[in-house]
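Let me begin by presenting the structure, written as structure tokens, before commenting on it.
Chains as they are written, first to last, in this note's numbering: chain A, 2 to 120; chain B, 55 to 344.
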């Protein structure tokens, strides 16, 4: 009987350390939140594709926060890494869209000027 | 109730009795394990998406314009692939592939951004050089206009001086007065222009066209012989002939008028033949623009 109790407690201990042993991923959470802020400031809300990834990032941060409060720290960290990837992509897409519209505006201006000169 | 020892023996017997069944189960589970670990496992959708995204990015401008980001995406994809090869389509593989797909899309976006920025820089440069070209063009245009104006002035001056060879040109308070001798223009008592007169009037017309003027009055004069009414009529007819010829050479008809003034305002002595010849004349009075 004594041996069985010892075995159970060993098993329980192993399970407990597996689930709750990972630390709360504070740094990853902060980094993901900062990336979301950056993408928002960078204009990710103005372009549909960028806005989609921004939303994915935000949803996953919310999910990670729930996982942290449930004690699923390892799971939360993985969710946050996904969130970060989405936020970075949202930012890159926003920058791309802005560069594209700047470029077409600039070529339009040049076209106008050339037309004016060739009158 | 059976004693404990008997129950144990029964269990052992039943285990050894089903040895064949046991090995079959073991074989099956081994093959499942083999499938899970080996190349035959189906890659998860995330990994397929990541591969596609990377292939797309590598085809685009990122290859030249965002090579660092593309390399990051490549490493990310390789990590996901490696995880899949080692551990199969588990959650870690899916997570890694999820990130790898986005890294590839980021590389593609960075490449496209860089391309757009270069296009913009080229357009800005083009804009500046076009502006400079425009300024240059304007300068050249102004210079050409100035040259044209100087040329026109020279031409007009030349025309006026050539006019002086065939007619008297005087500047008076009423304007520039061009005096043509009647004997050059008309036969005696006639009001139709001689052929040589037409040539001279053509020169007068072209000289006048080069200059701005408000009005031109063509005045006909005779000498004092004969009766005054006939003289006035003849002088008016002659003035009109000259006026019509000038208009036919392009001078604006509304600005050019004719007057017949007969023997009034003689410029020389009517008592001598030379004086009378001088008095038979046509004066073209040009009132300047300002």
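Cβ atoms here follow ideal geometry from the backbone N, Cα and C, with glycine treated the same way.
Taking the Cα positions, residue 137(B) is about 10 Å away from residue 131(B).
The shortest C-alpha to C-alpha distance from residue 334(B) to any of 236(B), 208(B), 218(B) and 219(B) is the one to 236(B). Under the three-state reduction of DSSP output, residue 325(B) falls in the coil class, being neither helix nor strand.
Identification of chain B residues near residue 120(A) by a Cβ-Cβ cut-off of 7 Å yields none; the smallest Cβ-Cβ distance measures about 10 Å.
When 7 Å is used as the limit between beta carbons, residue 111(A) is near these residues of chain B: 177, 180, 181 and 184, in chain order.
At a cut-off of 7 Å between beta carbons, residue 33(A) makes no contact with chain B.
Identification of chain B residues near residue 89(A) by a Cβ-Cβ cut-off of 9 Å yields 156, 157 and 160, ordered along the chain. Contact note: residue 173(B) reaches chain A through 104, 107 and 108, using a C-beta cutoff of 8 Å and chain order. Counting only runs of at least 4 residues, the stretch 249–285 of chain B fully encloses the following alpha helix (DSSP H) elements, listed from N- to C-terminal order: 249–263. Between the alpha carbons of residue 165(B) and residue 187(B) lies a distance of about 33 Å. Listed in chain order, the beta strand (DSSP E) elements of length 3 or more contained wholly in the stretch 59–119 of chain A amount to none. Contact of residue 199(B) with chain A is not assigned, every C-beta pair being separated by 7 Å or more. In the DSSP annotation of this structure, residue 233(B) is not part of any alpha helix (DSSP H); the continuous beta strand (DSSP E) holding it starts and ends at 229–235. Of the candidates 330(B), 278(B) and 255(B), 255(B) places its Cα closest to the Cα of residue 293(B). Chain A has no Cβ within less than 7 Å of the Cβ of residue 108(B). Between the stretch 137–153 of chain B and the stretch 194–210 of chain B there are fewer than three C-beta pairs closer than 8 Å, too few to call the two in contact.
Classified as buried, residue 230(B) has 16 or more neighbouring CB atoms from the shown chains inside 10 Å of its CB.
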